[in-house]
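Undergrad: Okay, handing you the structure first.
Chains as they are written, first to last, in my numbering: chain B, 5 to 447; chain F, 5 to 447.
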């Protein structure tokens, strides 16, 4: 057991941002596991306690600057710590009590019922499960689409999450990328044109309820209308909704388009660790019950059906969600959504005031703005970047004070970066629209 | 908030074993989430505390009779409870420090390095990650196989885990089921015959390092030899090893066949919640590094590569594993494996003494025996059943005392079930071989 390692978690220790991601591929030998001396078990425990303490301090620091990704860090599951002593596995179908009894299915079904109500589908009309995250829900929804419509083409906008494109590759599906508007929303005329080019094949559509980079929301009503106008009857299309972050926020945004099973959609998925907040990634997936038989297999030794992608599933995740839903309820989440939208608007307005290119979609808390020039700054604030854009995602754990601190630092740094005029702020006209771009050309 | 619900977790409350699994599909409204009264937050907390207490008591009872599935319930991660306050996501590639900083990659890489050493592959020669469980590793390994050999046929024995067959369906792969011996091990002559029938297409082989029901181990040396003899050079086959339970136990079994990257295998996966034991399902997956480029995609906004199936991944799972590996080391696991094998042999010998049909593979702790007649008994001891067989899997948490308790109860019940001779114990000759069958006919 190597006891004298230098601190493994000092920030900025691990990568040179100038390198490409591939060059960053290194082994973290600082935490290497060495063969324990069983006569000195207390030494091992002491070594690990020191390591974990340093790690905790590092995490606490990193959490202060976590504003670029959709993860609500503001939760208190202390009441559930007592359950960590149990190995909980919701293997198999959530609605079937199999022989494996160390599970939390009762909590899982309660969580699913809550979401079924939110998205307006009857208890006896849906099936679903608590997943390992948004990707698993996307993999499931698209798989069901393919099984229902084996020669269907998947239509999805080019701003879709990478898991959608991964699914089409895994499932050997033909994928047609639809153009987007600068808001990140689907370009419906391009969708129509591409549908008409492929009228002979059924359509499987992934609808983004909040794109990853810009928080753009595809209009499901418009999409269904175009399908009808192009001559696709109900049994010739399948709609899956990727609601990763925004699928749970949108129902609480007044006057917003609603995602609902009253419309002709097949499945929805959201992430549990994003807006709700959870120690580990998880998600919720709901689908019309009549579709699930296409992919279920009876597994005799479990006394259950294999209806999920992952088989074995965390029994803790549903309890975290159950706890959070009980504590917040619709009324609590509505308040938090409003707070996020208000704080996002504050950030956007302040950036405009300072002459910085920025865009905020009406229904979103994802603030897209010019990519900061310096990678250390990007890294410190854990900003997600793409081309000339960066974004901040205002989650319940991102307060006005935090945003002020960020703005102060950005403005100070920015003066330095652009002081001599040799380097100019990037043009974002193509990314977020000419009206939102405040680069020297478009100002 | 419904406060007066009857106890939701009483055992035997939830299913009538006479019904088919589909009829068991009911909604657990007893834990339904109702809108909280925000003026009485303390009432909500009190309700949840009572519910969680009852649940904990139920789990503790269920854990006493959990002997039919491969989950080691014997762990103490108390030192890690402090980390539950953090949202940890190892999204993206384990070896690349992206912009998302709330992660535990340092721990993950240390865990992977430990397994790389166990399975004899150099640090710079492997890639891998901590998965959500054995299924994810299987999905990854088979996907890589298909991407390397796009028109390859998947060969796997009919005793393989259901996730293997699910993968072939998801990936639209041709799947050839190979017969098995009564031990659960692949029938190599059938494999050879089926290979020769399809010589024009590459072979992707799933090798079971311990089948789910019988703990049968496919001999990877024999499989490679047959591939060579049938004229399949290295670049015309890909071998994935499903080592769910036994892939980590086997290296500690003396004189056993070894799974090693010194042989021509491509990938191995094991489950972390099985032999090691973990609060939630997880797994470890290791693959030769040169193969991973076939499925990786650069994801700019993460500053990482999308190389995994699930994208977002628990940052807690690697820390649980890191802790367990540090505490046990090779020497600790070797002791535990020996204990499991000894206890399994004890159970087998006692069953033989009592004239009960039973089989135990030499390298395994999975004891296969006649299915108990009564479903309540099966349910109480959480036995996995298939046809006329049931099994007990002796994990570190299954003690001799527990096995004695089980045997006492089984023998008592059995006297009752078979007392008047009207019903006879089942014949298991076809399942576990005539020599192991002690039914009235074969006794």
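For each residue, glycine too, the CB sits at the ideal point set by N, CA and C.
Output the distance between the C-alpha atoms of residue 415 of chain B and residue 297 of chain F, rounded to the nearest integer angstrom.
TA: 40 Å
Undergrad: Per the DSSP calculation, residue 292 of chain B is bridged to which residue(s)?
TA: B:130
Undergrad: Within 9 Å of any Cβ in chain C, is that where the Cβ of residue 160 of chain F sits?
TA: The structure shown contains no chain C; its protein chains are B and F.
Undergrad: Restricting to Cα atoms, I'd like to know which of F:113, F:78, F:105, F:171 is closest to residue 380 of chain B.
TA: Taking only the C-alpha atoms, the option nearest residue 380 of chain B is F:105.
Undergrad: Could you tell me whether the Cβ of residue 197 of chain B comes closer than 9 Å to any Cβ of chain F?
TA: No - not a single Cβ of chain F is within 9 Å of the one on residue 197 of chain B.
Undergrad: Suppose only complete runs of 4+ residues qualify. What are the alpha helix (DSSP H) ranges in the segment 250-310 of chain F, listed by chain order?
TA: Entirely contained in the segment 250-310 of chain F, the alpha helix (DSSP H) runs reaching 4 residues are, in chain order, 293-296.
Undergrad: What residues in the segment 244-270 of chain F have a beta carbon less than 9 Å from any beta carbon of chain B?
TA: none
Undergrad: Check the C-beta distance from residue 70 of chain F over to residue 93 of chain F and give it rounded, since I have them as a contact under 8 Å.
TA: At roughly 30 Å, the Cβ-Cβ gap does not stay under 8 Å, so residue 70 of chain F and residue 93 of chain F are not in contact.
Undergrad: Nearest-angstrom Cα distance between residue 426 of chain F and residue 419 of chain F?
TA: 12 Å
Undergrad: Using a cut-off of 8 Å between C-beta atoms, extract the partners of residue 382 of chain F located in chain B.
TA: In chain order, 103 make up the part of chain B whose C-beta sits under 8 Å from the C-beta of residue 382 of chain F.
Undergrad: Could you check which residue in F:269, F:216, F:337 has the C-alpha nearest to that of residue 238 of chain F?
TA: F:269
Undergrad: Pull the bridge partners of residue 242 of chain F from the DSSP assignment, please.
TA: F:208
Undergrad: By the criterion of Cβ-Cβ separation under 9 Å, what are the contact partners of residue 355 of chain F in chain B?
TA: In chain B, no part has a C-beta under 9 Å from the C-beta of residue 355 of chain F; the shortest such distance is about 19 Å.
Undergrad: As an exercise, report each continuous alpha helix (DSSP H) stretch of at least 4 residues that is fully enclosed by the segment 306-369 of chain B, in chain order.
TA: 320-357
Undergrad: With a 10 Å radius around its C-beta and 16 neighbouring C-beta atoms as the bar for buried, classify residue 315 of chain B as buried or exposed.
TA: The residue is buried, with at least 16 neighbouring Cβ atoms inside 10 Å.
Undergrad: Please work out which residues of its chain come closer than 8 Å, Cβ to Cβ, to residue 343 of chain F, disregarding the five sequence neighbours upstream and downstream, and give them in chain order.
TA: The answer, listed in chain order, is 400.
Undergrad: Check whether the Cβ atoms of residue 362 of chain B and residue 352 of chain B sit closer than 9 Å, and answer yes or no.
TA: Residue 362 of chain B is a Cβ neighbour of residue 352 of chain B, given a cutoff of 9 Å.
Undergrad: Since residue 88 of chain B contacts residue 229 of chain F with CB under 8 Å, what's their CB separation in whole angstroms?
TA: At roughly 46 Å, the Cβ-Cβ gap does not stay under 8 Å, so residue 88 of chain B and residue 229 of chain F are not in contact.
Undergrad: Residues in its own chain within less than 6 Å of residue 377 of chain B by CB, not counting five upstream and five downstream?
TA: Cβ neighbours of residue 377 of chain B beyond the five flanking positions: 421.
Undergrad: What is the DSSP secondary structure of residue 4 of chain F, reduced to helix, strand or coil?
TA: Here chain F covers residues 5 to 447 and nothing more, so residue 4 of chain F does not appear.
Undergrad: Within 10 angstroms of the Cβ of residue 54 of chain B, are there 16 or more other Cβ atoms? Answer buried if so, exposed if not.
TA: It counts as exposed.
Undergrad: Count the other C-beta atoms from every protein chain shown that fall within 10 angstroms of the C-beta of residue 392 of chain F, then say buried if there are 16 or more, exposed otherwise.
TA: buried
Undergrad: Here's a check: name, in chain order, each residue in its chain whose Cβ is nearer than 6 Å to the Cβ of residue 411 of chain B, leaving out the five neighbours to either side.
TA: Taking residue 411 of chain B as the centre and dropping the five residues before and after it, the same chain places the C-beta of 354 closer than 6 Å to its C-beta, in chain order.
Undergrad: To the nearest angstrom, report how far apart residue 372 of chain B and residue 388 of chain B are at their CA atoms.
TA: 10 Å
Undergrad: Given residue 3 of chain B, which residues of its chain have a CB within under 8 Å of its CB, disregarding the five upstream and five downstream residues?
TA: Missing from the structure shown is residue 3 of chain B; chain B here goes from 5 to 447 and no further.
Undergrad: Who does residue 165 of chain B pair with in a DSSP beta bridge?
TA: According to DSSP, residue 165 of chain B bridges with nothing at all.
Undergrad: In chain F, what lies closer than 9 Å to residue 70 of chain B by C-beta?
TA: Among the residues of chain F, those whose CB is under 9 Å from the CB of residue 70 of chain B are 91, 104, 105, 106, following chain order.
Undergrad: Can you pull the chain F neighbours of residue 174 of chain B, defined as C-beta to C-beta under 7 Å?
TA: 147, 174, 175
Undergrad: Could you compute how far the alpha carbon of residue 184 of chain F sits from the alpha carbon of residue 287 of chain F?
TA: 26 Å
Undergrad: Give the residues of chain B in contact with residue 111 of chain F, contact being defined as C-beta atoms less than 7 Å apart.
TA: 35
Undergrad: Can you list, in chain order, the residues of the segment 204-222 of chain F whose Cβ is nearer than 7 Å to any Cβ on chain B?
TA: 216, 217
Undergrad: Identify which residue in B:208, B:331, B:429, B:216 has its Cα closest to the Cα of residue 45 of chain F.
TA: B:331
Undergrad: Rounded to a whole number of angstroms, what is the C-alpha to C-alpha distance between residue 172 of chain F and residue 302 of chain B?
TA: 17 Å
Undergrad: If you count every other CB in all the chains shown that lies within 10 Å of the CB of residue 259 of chain B, and 16 or more means buried, which is it?
TA: exposed
Undergrad: Under 9 Å, Cβ to Cβ, is there at least one residue of chain B near residue 44 of chain F?
TA: Not an interface residue.
Undergrad: Under a CB-based cut-off of 9 Å, is residue 186 of chain F close to chain B?
TA: No, its Cβ sits nowhere closer than 9 Å to a Cβ of chain B.
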